[in-house]
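Each protein sequence line maps, in turn, to chains A and B.
Each residue of the first sequence is one higher than the one before, starting from 1 at the first, in the numbering used here.
Each residue of the second sequence is one higher than the one before, starting from 241 at the first, in the numbering used here.
Below: one structure, written as structure tokens.
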Amino acid sequence: MSAQDHDRVADDRAGPGWAAVVMAVAAKDLRIEFRTRARTLTMAGFVVMVGLLFFFSVDRALVRPQDIASGLTWITLILAGLIGVGRTFEIEKADGAMTGLLLTPAPRDAIYLGKVLANFILVYAIVLLTTAVFGLFFQLDYSNHPGALLLLLAAGTLGFVALATLFGALTAETTLGESLLPILLFPLLVPMVIYGAAASSRLLLGRPLSEVEGQVRMLAAFALLAVSVGAVLFGQIVEE
Amino acid sequence: MNASSTRSSHDGGLGLHALRRRFGAHVALRDVAATLPAGAITAVFGPNGAGKSTLLKLLAGSLQPTDGSISWKGATLDTRSAEWRARIGVLSHDTHLYAPLSARECLSFHARMHGLRSPDLDAALDRVDLLDRAEDRVAGFSRGMRQRLALARTLLHDPDVVLLDEPFTGLDAHAAQLLEEVLRTLRDGQRTVVLVTHALSEGLALADHVLMLVRGAVVLDTPSERLEADTFAERYHALVDAAEIARATTTGAPS
């Protein structure tokens, strides 16, 4: 490379833009997932299996599907999400890719948010699949408040993904790895599950929106808090 | 930043000031003090466990020193700063590549992490003889091809300081020759290169300066022109033996 080339490349260095890093990390993670389908297929398989199991095990003469659908949806979200998000740093560990990423000047919070965005898209797609599968198996009626239900599940998914991505980064460097993730994560998810399950249960039963307003706000606040804390702490966790 | 004002050679370089690094009870580096000249290639030699890779990780900011500091052209360095990370390129045992992505996608991602507006990916791939495999996924690459692609990634953002950790390990003859050719192009007086290697003859042939570590301490710090290529291996082993004997005498530990 000549000295002129040197100067040209040096001038070309604008420093990584924050939003550009978020989008690049998310696009990279989604592209890898699209090619390997390692996480999506496992999560989707789990959702269909849960749907099938409950379809054959629940006696609908004794139990109304809409009474258990909410809890079942949130449990499936968390367990399927754990399968998916727990592996988010596997590809980064292979061949030291995460180390390489951290050797760049890319802002750490932008790297974290890029991974959260990719995980959100993947897990939310699985949540939509869950509602479709359960709707099909249990003939659930989503027509009362479809928009509110989707928004509620989106807030819950975001809160879950924000924490799971943060703790995934932490546990990826330990020998216990994936088995440590639920131990750290579950206690922190309790408030989210309580507010989310209670609100979605009421929505499925066709109760007025005003009844769930407070719970939806709490869930949204939880999600924003989880994202903010994750963005601040991620750099501390991944650096020595 | 004015590129020319920051790239003049012989105005300091990388200063290591009483650099010490512990891992629990083990001391990997013991008060290492040296200057790695700017605009030159410094080869860092030493047996296994000498602290060579630890030194490189400290320079890259992957590790922080337990004591001491690092300076760049006279100014104390924060190796964790984005400014420093924009200036360095690191090639290590791990290639830092994503196997499911293509060679071009790997470079493009790296360019975006460095904020390069219009990176010449074709030229970067051509430089390491991988242009015809640009769209192939890294998963299908041999170890040598991955290492060449990793070298292209290391140099893509035109770093001022290039840190190389055992770049010849696991390479076939063709890949090793190509790597050596690319490294020779870095001897342009504008880049500071730190080359950690066990390969004595290849390292000495490329180096302007030699630093040798044994058990975390500097035992040789000299311009390479003062070293005889024919007898360097002999001297290297004599220095390792002398350092081991000195340590055994001081600590009572077996060498």
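Each residue gets a CB set at the ideal place from its N, CA and C atoms; glycine is no exception.
Closest to residue i by C-alpha separation, out of the options, would be which residue?
| i | options | result |
| --- | --- | --- |
| valine 459 (chain B) | B:Glu406, B:Phe285, B:Glu345 and B:Gly252 | B:Phe285 |
| asparagine 288 (chain B) | B:Ala486, B:Met353, B:Gly279 and B:Thr437 | B:Thr437 |
| proline 340 (chain B) | A:Ala97, A:Pro146 and A:Leu102 | A:Ala97 |
| phenylalanine 138 (chain A) | A:Val50, A:Gly156, A:Gly17 and A:Glu213 | A:Val50 |
| arginine 427 (chain B) | B:Thr319, B:Ile281, B:Ser321 and B:Val402 | B:Ile281 |
| glycine 456 (chain B) | B:Leu254, B:Lys313, B:Arg262 and B:Gly252 | B:Arg262 |
| leucine 299 (chain B) | B:Gly264, B:Ala265 and B:Arg260 | B:Arg260 |
| isoleucine 194 (chain A) | A:Ser228, A:Pro146 and A:Ser70 | A:Ser70 |
| isoleucine 75 (chain A) | A:Lys115, A:Asp109 and A:Phe134 | A:Phe134 |
| phenylalanine 241 (chain A) | A:Pro16, A:Phe222, A:Asp141 and A:Gly235 | Residue 241 (chain A) lies beyond the residue range present for chain A, which begins at 1 and ends at 240; the question has no answer from this structure. |
| alanine 148 (chain A) | A:Ala80, A:Glu211 and A:Trp18 | A:Glu211 |
| isoleucine 32 (chain A) | A:Leu62, A:Trp18 and A:Ile91 | A:Ile91 |
What whole-angstrom Cβ distance do residue i and residue j have, given they're in contact under 8 Å?
| i | j | result |
| --- | --- | --- |
| alanine 162 (chain A) | phenylalanine 89 (chain A) | Not quite, the Cβ-Cβ distance comes to about 15 Å (not below 8 Å), so this is no contact. |
| arginine 386 (chain B) | leucine 356 (chain B) | About 22 Å separates the two Cβ atoms, so there is no contact after all. |
| aspartate 29 (chain A) | threonine 335 (chain B) | With a Cβ gap of about 19 Å, aspartate 29 (chain A) and threonine 335 (chain B) do not count as contacting. |
| methionine 77 (chain A) | threonine 174 (chain A) | Per the sequence shown, the amino acid found at residue 77 (chain A) is leucine instead of methionine. In fact, because the Cβ distance is near 25 Å, the residues do not count as touching under 8 Å. |
| threonine 409 (chain B) | leucine 331 (chain B) | Between leucine 331 (chain B) and threonine 409 (chain B) the Cβ distance is about 11 Å, and since that is not below 8 Å, they are no contact. |
| alanine 390 (chain B) | histidine 354 (chain B) | Rounded, the Cβ-Cβ distance is 15 Å, inconsistent with contact. |
| methionine 23 (chain A) | glycine 84 (chain A) | Contact doesn't hold; Cβ gap of about 20 Å is too wide. |
| leucine 254 (chain B) | tryptophan 312 (chain B) | 6 Å |
| alanine 273 (chain B) | alanine 258 (chain B) | 6 Å |
Alpha carbon to alpha carbon, how far is residue i from residue j?
| i | j | result |
| --- | --- | --- |
| alanine 226 (chain A) | alanine 20 (chain A) | 22 Å |
| cysteine 346 (chain B) | isoleucine 328 (chain B) | 18 Å |
| isoleucine 111 (chain A) | threonine 489 (chain B) | 50 Å |
| glycine 308 (chain B) | valine 123 (chain A) | 46 Å |
| serine 244 (chain B) | leucine 128 (chain A) | Residue confidence is low: serine 244 (chain B) scores 37 on pLDDT, short of 50, so the model does not pin down where it sits. Its coordinate-derived value is still stated next. Their Cα atoms are separated by approximately 55 Å. |
| serine 358 (chain B) | alanine 351 (chain B) | 9 Å |
| valine 238 (chain A) | proline 65 (chain A) | 44 Å |
| isoleucine 485 (chain B) | leucine 479 (chain B) | 10 Å |
| serine 495 (chain B) | alanine 482 (chain B) | Legend: pLDDT at serine 495 (chain B) = 46, less than 50; position of this residue unreliable, value from coordinates given subsequently. Straight-line Cα distance between these residues: approximately 10 Å. |
| threonine 294 (chain B) | leucine 303 (chain B) | 8 Å |
| arginine 487 (chain B) | lysine 292 (chain B) | 18 Å |
| alanine 445 (chain B) | aspartate 470 (chain B) | 11 Å |
| leucine 365 (chain B) | threonine 104 (chain A) | 20 Å |
| threonine 40 (chain A) | leucine 209 (chain A) | 33 Å |
| alanine 220 (chain A) | leucine 153 (chain A) | 10 Å |
| glutamate 323 (chain B) | proline 463 (chain B) | 29 Å |
| phenylalanine 472 (chain B) | arginine 383 (chain B) | 30 Å |
| leucine 269 (chain B) | proline 107 (chain A) | 30 Å |
| phenylalanine 167 (chain A) | leucine 185 (chain A) | 7 Å |
| valine 434 (chain B) | histidine 449 (chain B) | 9 Å |
| asparagine 119 (chain A) | leucine 276 (chain B) | 43 Å |
| methionine 218 (chain A) | serine 348 (chain B) | 40 Å |
| leucine 505 (chain B) | leucine 467 (chain B) | No information on residue 505 (chain B) is available, as it lies outside the stretch 241 to 495 that chain B covers here. |
How would you list, in chain order, the residues of chain A whose beta-carbon sits under 9 Å from the beta-carbon of residue i?
| i | result |
| --- | --- |
| threonine 335 (chain B) | Asp95, Gly96, Ala97 and Gly100 |
| leucine 341 (chain B) | Lys28, Arg31, Ile32 and Arg35 |
| serine 302 (chain B) | Thr99, Leu102, Leu103, Glu239 and Glu240 |
So what does DSSP say about residue i, is it helix, strand or coil?
| i | result |
| --- | --- |
| glycine 253 (chain B) | coil |
| asparagine 144 (chain A) | coil |
| serine 309 (chain B) | strand |
| leucine 419 (chain B) | helix |
| aspartate 362 (chain B) | helix |
| phenylalanine 89 (chain A) | coil |
| histidine 336 (chain B) | coil |
| valine 58 (chain A) | coil |
| glycine 17 (chain A) | coil |
| phenylalanine 381 (chain B) | coil |
| serine 342 (chain B) | strand |
| alanine 198 (chain A) | helix |
| valine 193 (chain A) | helix |
| phenylalanine 263 (chain B) | strand |
| phenylalanine 137 (chain A) | helix |
| histidine 438 (chain B) | coil |
| arginine 247 (chain B) | Because arginine 247 (chain B) carries a pLDDT of 42, less than 50, the predicted location of this residue cannot be relied on, and no value is offered for it. |
| arginine 388 (chain B) | helix |
| alanine 169 (chain A) | helix |
| leucine 347 (chain B) | helix |
| histidine 354 (chain B) | coil |
| arginine 270 (chain B) | strand |
| proline 463 (chain B) | strand |
| aspartate 95 (chain A) | helix |
Under 9 Å between beta-carbons, which chain B residues line up against residue i? List them in chain order, please.
| i | result |
| --- | --- |
| glutamate 90 (chain A) | Per Cβ cutoff of 9 Å: no residues; glutamate 90 (chain A) is ~11 Å from chain B at best. |
Which residues of chain A have a Cβ atom closer than 8 Å to the Cβ of residue i, listed in chain order?
| i | result |
| --- | --- |
| methionine 218 (chain B) | Residue coverage of chain B in this structure runs from 241 to 495, which leaves residue 218 (chain B) outside it and unanswerable. |
| valine 330 (chain B) | Gly100 and Leu103 |
| tyrosine 476 (chain B) | Result: empty, since nearest Cβ-Cβ is about 29 Å, beyond 8 Å. |
What does residue i reach in chain A if we use C-beta pairs closer than 7 Å?
| i | result |
| --- | --- |
| phenylalanine 349 (chain B) | Ala24 and Lys28 |
| alanine 278 (chain B) | Within chain A, no residue comes near alanine 278 (chain B); the closest Cβ sits about 14 Å away, beyond 7 Å. |
| arginine 325 (chain B) | Leu103, Thr104 and Pro105 |
Using the beta-carbon of each residue, which ones in chain B are nearer than 8 Å to residue i?
| i | result |
| --- | --- |
| glutamate 239 (chain A) | Arg320 |
Spell out whether any CB of chain C is found under 8 Å from the CB atom of residue i.
| i | result |
| --- | --- |
| isoleucine 194 (chain A) | The question asks about chain C, but that chain is absent: this structure's protein chains are A and B. |
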